[in-house]
Amino acid sequence: MASAVPSPFLDPGPTASPGSLALLSLRRDLHTPLILQSADSEEQQVVNTRFGTYPHSTLVGLPWGTQVLASKEDSGRSRRSGKKRKREENDTGARDIAEEEGVEGPVAASSGFAHLVPPTPESWTMSLPHRTQVVYTPDYSYILQRLRVRPGDIVIEAGSGSGSFTHAAARAVFSGHPDPSLTSADNSSPPAKKKCKFGKVYSYEYHLPRAEKLREEIKAHGLDPIVTITHRDVYQDGFSLHTRATAAGKQPPEPLANAVFLDLPAPPLILPHPLDPSTPIRLCTFSPCIEQVQKTASTLRQLGWVEIDMVEVAHKRLEVRRERIGLAEDEQGRGAKAGPASVAEAVGRLKEQEGRESVEGDDEGGGGEAAGDAEGADRAGKEEKGGKGGGKGQGKQGQQSDGKEEKRPWRTGRLVHRTEPEIKTHTSYLLFAILPRLWTRDDEERCRRRWGKVAVEEPAVDEVEDAPPIVDDEAGKKRKAEGDVDGSAKRQKIDGDE
Amino acid sequence: MDTSGAIHSYIRPNTHIVLRLPSGLSKIVEIQPNTAARRLPAELHAEALSSNHATPAESRAETADDTGGVEFDIVGENGEVLMRSNRLTVDDPTRQALSMEEIEELKRAGTGSGKDIVAKIMASHQALGEKTSFSLAKYTLRKTKKYMKRFTVLPLDVSMLAQILLEREAPRIMELREEMLGLIGAWANVHYSGATRDFTNGSGVGRIGGGRWLVVDETGGLVVAALAEKMGILYPEEEDEEEGEEAQPEQAISTEAHPSEARPVEPALTADAPSPPAPSSDQPMPDAPPTSNPLSTSDPPPPSPSHPRRPHPTTFPPAIWLQLLHPSDDAAYAEPPLVPEAELATWKAGKRGTYYRKRRRWERVKRVVDETRAGGFDGLVVASSLDPVGVLRACVPLLRGAGQVVVYSPVVEPLVRVMDLYSRERRTAWVVRQQQQGQQKGEEDQEEAVNGTEDLETEEEDEGFPVNPTLLLSPMLQTTRGGGAEGYLFTATRVFPVEGKVEARGKFSKKRKVEPTNGVS
Numbered sequence: 023m024a025s026a027v028p029s030p031f032l033d034p035g036p037t038a039s040p041g042s043l044a045l046l047s048l049r050r051d052l053h054t055p056l057i058l059q060s061a062d063s064e065e066q067q068v069v070n071t072r073f074g075t076y077p078h079s080t081l082v083g084l085p086w087g088t089q090v091l092a093s094k095e096d097s098g099r100s101r102r103s104g105k106k107r108k109r110e111e112n113d114t115g116a117r118d119i120a121e122e123e124g125v126e127g128p129v130a131a132s133s134g135f136a137h138l139v140p141p142t143p144e145s146w147t148m149s150l151p152h153r154t155q156v157v158y159t160p161d162y163s164y165i166l167q168r169l170r171v172r173p174g175d176i177v178i179e180a181g182s183g184s185g186s187f188t189h190a191a192a193r194a195v196f197s198g199h200p201d202p203s204l205t206s207a208d209n210s211s212p213p214a215k216k217k218c219k220f221g222k223v224y225s226y227e228y229h230l231p232r233a234e235k236l237r238e239e240i241k242a243h244g245l246d247p248i249v250t251i252t253h254r255d256v257y258q259d260g261f262s263l264h265t266r267a268t269a270a271g272k273q274p275p276e277p278l279a280n281a282v283f284l285d286l287p288a289p290p291l292i293l294p295h296p297l298d299p300s301t302p303i304r305l306c307t308f309s310p311c312i313e314q315v316q317k318t319a320s321t322l323r324q325l326g327w328v329e330i331d332m333v334e335v336a337h338k339r340l341e342v343r344r345e346r347i348g349l350a351e352d353e354q355g356r357g358a359k360a361g362p363a364s365v366a367e368a369v370g371r372l373k374e375q376e377g378r379e380s381v382e383g384d385d386e387g388g389g390g391e392a393a394g395d396a397e398g399a400d401r402a403g404k405e406e407k408g409g410k411g412g413g414k415g416q417g418k419q420g421q422q423s424d425g426k427e428e429k430r431p432w433r434t435g436r437l438v439h440r441t442e443p444e445i446k447t448h449t450s451y452l453l454f455a456i457l458p459r460l461w462t463r464d465d466e467e468r469c470r471r472r473w474g475k476v477a478v479e480e481p482a483v484d485e486v487e488d489a490p491p492i493v494d495d496e497a498g499k500k501r502k503a504e505g506d507v508d509g510s511a512k513r514q515k516i517d518g519d520e
Numbered sequence: 004m005d006t007s008g009a010i011h012s013y014i015r016p017n018t019h020i021v022l023r024l025p026s027g028l029s030k031i032v033e034i035q036p037n038t039a040a041r042r043l044p045a046e047l048h049a050e051a052l053s054s055n056h057a058t059p060a061e062s063r064a065e066t067a068d069d070t071g072g073v074e075f076d077i078v079g080e081n082g083e084v085l086m087r088s089n090r091l092t093v094d095d096p097t098r099q100a101l102s103m104e105e106i107e108e109l110k111r112a113g114t115g116s117g118k119d120i121v122a123k124i125m126a127s128h129q130a131l132g133e134k135t136s137f138s139l140a141k142y143t144l145r146k147t148k149k150y151m152k153r154f155t156v157l158p159l160d161v162s163m164l165a166q167i168l169l170e171r172e173a174p175r176i177m178e179l180r181e182e183m184l185g186l187i188g189a190w191a192n193v194h195y196s197g198a199t200r201d202f203t204n205g206s207g208v209g210r211i212g213g214g215r216w217l218v219v220d221e222t223g224g225l226v227v228a229a230l231a232e233k234m235g236i237l238y239p240e241e242e243d244e245e246e247g248e249e250a251q252p253e254q255a256i257s258t259e260a261h262p263s264e265a266r267p268v269e270p271a272l273t274a275d276a277p278s279p280p281a282p283s284s285d286q287p288m289p290d291a292p293p294t295s296n297p298l299s300t301s302d303p304p305p306p307s308p309s310h311p312r313r314p315h316p317t318t319f320p321p322a323i324w325l326q327l328l329h330p331s332d333d334a335a336y337a338e339p340p341l342v343p344e345a346e347l348a349t350w351k352a353g354k355r356g357t358y359y360r361k362r363r364r365w366e367r368v369k370r371v372v373d374e375t376r377a378g379g380f381d382g383l384v385v386a387s388s389l390d391p392v393g394v395l396r397a398c399v400p401l402l403r404g405a406g407q408v409v410v411y412s413p414v415v416e417p418l419v420r421v422m423d424l425y426s427r428e429r430r431t432a433w434v435v436r437q438q439q440q441g442q443q444k445g446e447e448d449q450e451e452a453v454n455g456t457e458d459l460e461t462e463e464e465d466e467g468f469p470v471n472p473t474l475l476l477s478p479m480l481q482t483t484r485g486g487g488a489e490g491y492l493f494t495a496t497r498v499f500p501v502e503g504k505v506e507a508r509g510k511f512s513k514k515r516k517v518e519p520t521n522g523v524s
């Protein structure tokens, strides 16, 4: 299934098709993931949510983004009726047909709805089953931006965790599938190209059940051509995917990644493992403690990484609402704060009470009028804003008599915004660094052959001779200076092999 | 598909690179053979840099130890320098024995990396021992930054350009930070779409999806460039390094489609424009040639010898609001008269050329406008000083179902208003009103509103409902990082509301009749 149909994350198509992962968006932060079942299947699948029951047959075939009404419980379940197919074809006239069918087909419930949306790494991050701490959108979007992850890139991730970064990275590196049957739609691409480079994500997880769960998810999501999940302790074994037999050979360490994301407790233990020497490598480590960052940074310096930089992403979500304070009719209602909105209103209220006490026995109207006078200006302004809604100079009693339709809580009160109390980012420190590529004499020679024609003057050649030793020299010095030959020596060796 | 990795791996001639100086400043340098890069601390020659035009990018041009030559412990290993205080420190400039002149002389004489200068300065400080370890560290770092002749070579890509522009001309790019570029890309769900299946919509006129994003960009093309980078259409396709050997050199010398002009944001600059800024709505298209310069959408600078194949501006066709909303009012949309071939043959060559040019321009404009108006876009990204309400009103109906909406603003107020216009309460009121109107007016009117197919321009602005609040799901307002120009992002998902009565389910604090959003968010 996964290999035949493009991943719904990358190409969901216009409508929800059977077999595809879909999300029922119930609230902003509440999505229920489901794999849509074909209407032909024997047992009719049903999704039960806090906001109603949704048989799959009411979802399959709908355009993405469609609002769906909940169905009555027990309707449309298990018992198949011939009319169900008809029901699907008619997306919009749900209720009429449901009535026709009685209890046989899905019947729209009196309340409850959801929106059917295709999965994105963002909505998946909100709805995925938590196995570990999740890397949320503000973090992974920044990391991928900083690591310059682009279509066609190779990314290493360790550990995989719950897979939120995995999905986002897969979207970022995606550059088509090697399978020609999938890329056939892309007629515009030049067929003459010798070799296409396809983006890949290599994800490592040392916790076996987690690795297996994620592998299942990736397969169900149709991302398995892009993502390779490996169960491994990378501290010990590094990233190389070569078998032992070929590892002895000259081949560079697979995968040839140009971006590495480490979300594990001890990045320094991994860093000495060999990485692709033929490209600059951008690294990000994700550590909750500053001590981990210090250790990692020190190791990075020893191993020749540059541009070492730490960032903490402070992300906030803002809540926008209307704050209704005051005694005026418009300001009353749900969520309103009792009490005067201004000094004038407070004074008016007091005057009203004073008036009542002094003219005890008088009818209510008198008091109301007094209040109305005092609040006159203030209230007039509010009425203007609120249109025709609300009472005219009526006192408190106006509340009961006024119909609900008259109120417009959505446009009265003061528009305010503030940070939402629940911050859904894991406050970790992001440490970035770049490992320069190795530059060998072979590289130099190749470039001279390729670009040499551009040069006009001869003297340039002299300088060329000086250039390659820079790298060697640097590494050599480092070895002397640090005494720790582990990392740099390894990179040296790679150099030597070539 | 796109092997962008290779071009960021080493320096090629006739490209732009970034030098990160020890001071933390960045400098854009164009690599041209046989020229000297001036005003660099080290006066390095470009030939040396590009070493006959190839030096490992992102490698140090100068050998040096990691912390700039002077190793020190910020915190003493055994704790012996750890708790020294600054109680006895004498704040006196004479404590530095080296005078300004002497330092200048050292700089002139120095042939080394600058490490020696820093070492001398450190040695000449009479009271170095009095400094706390922290202040010593800071002192060393400061001197290192100032005197080290060392820099890191980095490729000029969108993030780097954004960073440099933010340092220098933040208002030109609407103070768009790197983390915002990342967030915009994520929420807009922008990705490579070269292999995306193509679907026509029900009426057969437009397309649904197909890897097309609608962008309203007033950042001089930075947003478009960032999106194009994520779609894999910004950089030219390059062969693998190993294959570079066999490749013809002539082929390989192609224009770098870097957004790396000396005046990168000039073309679309609107700050001092006499008329109100012309909004450009751009559609990055996957089938566009990969070579493209998004920063020259409206007015490409004249071709220079170093850029023989300057990307054509039509890659991201600019369409203005008039064309989008009232195409028939725009002269460019009106078809120039068709002249029969026989008559054309009698014309002079120049006149004929003008005729064909006009026809081609019209065809291009008509294609862009028609496709834009047909809608079905995968997403909408707005970074504009225009009121977002009007932009959303015009553009949201052009999105496919579940298309993503992202609006960036350097200040929060416009987006607070947008949030309010899509608030739950307003949606409730809208649904109620639609029901009442539907009962009065009949069905067809309502259906239009539900599908968002009502004519973009004809419906007069409805007081209280400048936008249809049911067309967007999960409106969210967010910001990242604190201080200065933080930047704010409005995100939402385009949906198709159900017609008729909709009732929510869930726990409510009070009984309510109609509620277009489940529960309390």
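Listed in order, the protein sequences are those of chains L and V. For the record, in the first sequence the residue sitting at position 403 is 425 according to this note's numbering, with numbers rising by one throughout. For the record, in the second sequence the residue sitting at position 179 is 182 according to this note's numbering, with numbers rising by one throughout. Virtual Cβ for every residue (Gly too), placed ideally from N, Cα, C.
N- and C-terminal bounds of the alpha helix (DSSP H) containing residue i
i: Trp146 (chain L); result: Pro143 to Ser149
i: Asp423 (chain V); result: Glu416 to Leu424
i: Gly185 (chain V); result: Glu181 to Trp190
i: Met163 (chain V); result: Val161 to Glu172
CB contact flag (residue i, residue j, <8 Å)
i: Val392 (chain V); j: Arg420 (chain V); result: yes
i: Val470 (chain V); j: Val399 (chain V); result: yes
i: Leu2 (chain V); j: Ala377 (chain V); result: Any question about residue 2 (chain V) goes unanswered here, given that chain V covers just 4 to 524.
i: Pro158 (chain V); j: Ile31 (chain V); result: no
i: Ala242 (chain L); j: Ser182 (chain L); result: no
i: Arg200 (chain V); j: Pro28 (chain L); result: yes
i: Val438 (chain L); j: Arg346 (chain L); result: no
i: Ser93 (chain L); j: Val129 (chain L); result: yes
i: Ser42 (chain L); j: Leu58 (chain L); result: yes
i: Val501 (chain V); j: Gln89 (chain L); result: yes
Host beta strand (DSSP E) of residue i (start-end)
i: Phe380 (chain V); result: Phe380 to Ala386
i: Gln407 (chain V); result: Leu402 to Ser412
i: Lys219 (chain L); result: Segment: none, Lys219 (chain L) is in no beta strand (DSSP E) and carries neither H nor E.
i: Gly134 (chain L); result: Ala130 to Val139
i: Pro391 (chain V); result: Element bounds for Pro391 (chain V): not the beta strand (DSSP E) but the alpha helix (DSSP H), Pro391 to Cys398.
i: Leu43 (chain L); result: Leu43 to Arg49
i: Leu200 (chain V); result: First, the amino acid is wrong: residue 200 (chain V) is Arg here, not Leu. That residue, Arg200 (chain V), is in no beta strand (DSSP E); it is neither H nor E in DSSP.
i: Ala180 (chain L); result: Ile176 to Ala180
i: Tyr491 (chain V); result: Tyr491 to Arg497
Beta bridge counterpart(s) of residue i as assigned by DSSP
i: Cys306 (chain L); result: L:Phe283 and L:Phe454
i: Ala220 (chain V); result: It is Asp, not Ala, that sits at residue 220 (chain V) in the sequence shown. BP columns for Asp220 (chain V) point to V:Ala386.
i: Asn70 (chain L); result: L:Thr75
Self-check item: Short-range partners of chain L found in the segment 182-211 of chain V, where Cβ spacing is below 8 Å
Solution: Glu182, Leu184, Gly185, Leu186, Gly188, Ala189, Trp190, Asn192, His194, Tyr195, Ser196, Gly197, Ala198, Thr199, Arg200, Asp201, Phe202, Asn204 and Ile211
Quiz prompt | Proximal residues, the segment 299-312 of chain L versus chain V, C-beta separation under 8 Å | solution = Ser300, Thr301 and Pro302
Practice problem: Evaluate contact between the segment 160-171 of chain L and the segment 182-191 of chain L, counting only Cβ atoms and requiring at least three cross-stretch pairs below 8 Å. | Solution: yes
Self-check item: Interface residues of the segment 140-160 of chain V facing chain L [CB-CB below 8 Å]
Solution: Thr155, Leu157 and Asp160
Quiz item: Below 8 Å, can you find three or more Cβ-Cβ pairs linking the segment 134-150 of chain V to the segment 182-189 of chain V?
Solution: no
Quiz item: Can at least three beta-carbon pairs, one atom from the segment 452-467 of chain L and one from the segment 294-313 of chain L, be found at a separation below 8 Å?
Solution: yes
Self-check item: Residues, ordered as in the chain, of the segment 125-153 of chain L that lie near chain V by beta-carbon distance below 9 Å
Solution: Ala131, Ser132, Ser133, Gly134, Phe135, Ala136, His137, Leu138, Val139, Pro140, Thr142, Pro143, Glu144 and Ser145
Exercise. Note down, in chain order, all residues in the segment 489-502 of chain V with a beta-carbon under 8 Å from any beta-carbon belonging to chain L.
Key: Tyr491, Thr496, Arg497, Val498, Phe499, Pro500, Val501 and Glu502
Quiz prompt | the segment 285-302 of chain L in contact with the segment 256-265 of chain L per 3-pair CB rule at 8 Å | solution = yes
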